[in-house]
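Scroll down for the structure; my scribbles are underneath it.
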Amino acid sequence: MKKTIRTLAPEIMRGRISPVTLTEEVLQRAERLNPTINSFITILRDRALREAEAAEGAIREGKYSGPLHGIPIAMKDIFYIKGVRCTAGSKILATNVANYDSLVVKRLIGAGAVLIGTTNLHEFASGVTNVNPFYGPVRNPWDTDRVSGGSSGGSAAAVAAGMTVAALGTDTSGSVRIPSSLCGVVGLKPTYGRISRVGVIPLSTSFDTVGTLTSCAWDAAALLQELAGYENGDITTEEVGVPNYLSDLEVPLETPRLGVLRPYFLDDIDP
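Letter 79 of the sequence shown, counting from 1, is numbered 262 in the working numbering, and no numbers are missing.
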């Protein structure tokens, strides 16, 4: 069974699952599958285990931070993580080392999450195949002769292959939605400005949006709950309240309606 935040979080909170053991299992799977799937540019083994040990110690002291506590999460290699190289999938940034944490990284660390590595992407997030000329193509876990989609293909493929529990990506014109569709995971592109982009290498500042890649909708809501909100100094974020996304998942759909845009895109779709 694929690991999800929804199933892991209660067990971690009760001390039935060790964040260190969980992280080691995920790292071993990532290291075993990465030569084939090529999801990761950098695997942060030592850092991840230190963070997992800290998360486990906090739980022993009664300091549980919420559903992301002790959860392994992968980051698209476009988010700044202090002391870790951030390539944006380009050779010219191969030695670029971040000197500060992006806001989303700060929030994940504050929530007790474990950052296990940075994931492959279409160069500078500008493309939908994730065929990267420098770091190699990300292969679809369901059929390694096919692409993962992009530009957040490394994140989508890592979640689909169980190489991480969840991952973050960015979406400008489909870069979370496309690979999540091709890899069979849940991709969420929130409203523009809902999550701060401070510390994220931009493609198009008027469209870029931080998004999530997970195995279920509950996990997407849990991540969005932690990451959403206004950030002083980031003019793209708004001072509006953050709903309780997890509670909203329980709202029944009384009369669901599906809209189909008939004049568009249907002629070439496989029935």
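Using N, Cα and C, we set each Cβ at its ideal position, and we do this for glycine too.
Remember, it's a predicted structure, so these values are computed and weren't measured experimentally.
From which residue to which residue does the beta strand (DSSP E) around residue i run?
| i | result |
| --- | --- |
| P255 | 255-259 |
For residue i, write down the residues that DSSP places opposite it in a beta bridge.
| i | result |
| --- | --- |
| V330 | R322 |
| T225 | T301 |
| F317 | F317 pairs with nothing; no bridge assigned. |
| R189 | Per DSSP, none; premise fails for R189. |
| R268 | V280 |
Which residue comes first and which comes last in the alpha helix (DSSP H) that contains residue i?
| i | result |
| --- | --- |
| I200 | Neither: I200 is in no alpha helix (DSSP H) and is coded neither H nor E. |
| S335 | From DSSP, S335 is part of no alpha helix (DSSP H); its letter is neither H nor E. |
| Y428 | 428-431 |
Going by the CB atoms, is the gap between residue j and residue i shorter than 7 Å?
| i | j | result |
| --- | --- | --- |
| G376 | V359 | no |
| G337 | V311 | no |
| I361 | A296 | no |
| T353 | I224 | no |
| A339 | T347 | no |
| T456 | A237 | Past the edges of the chain, shown from 184 to 454, lies residue 456, and the structure says nothing about it. |
| S285 | Y263 | yes |
| S201 | K259 | no |
| T392 | K372 | yes |
| T438 | S379 | no |
| G319 | A257 | no |
| C366 | A343 | yes |
| S387 | T355 | yes |
| A404 | T395 | no |
| R189 | W401 | yes |
| E208 | R290 | no |
| G416 | V425 | no |
| G345 | N313 | no |
| K265 | A281 | yes |
For chain B, is any of its Cβ atoms less than 7 Å away from the one on residue i?
| i | result |
| --- | --- |
| E239 | Of the protein chains in this structure there is only one, and it is not chain B. |
Segments assigned alpha helix (DSSP H), at least 4 residues, entirely inside the stretch 342-426
360-366, 400-410
Of all the beta strand (DSSP E) runs that stay within the bounds of the stretch 272-306, which reach a length of 3 or more residues?
297-302
Could you check whether the stretch 219-228 touches the stretch 240-249, counting it as contact only if at least three pairs of C-beta atoms, one from each stretch, sit closer than 8 Å?
no
Under 8 Å, with one C-beta from each stretch per pair, do the stretch 300-320 and the stretch 267-285 reach the 3-pair mark?
yes
Tell me whether the stretch 226-236 and the stretch 190-200 touch, counting them as touching only if at least three CB pairs, one residue from each stretch, are closer than 8 Å.
no
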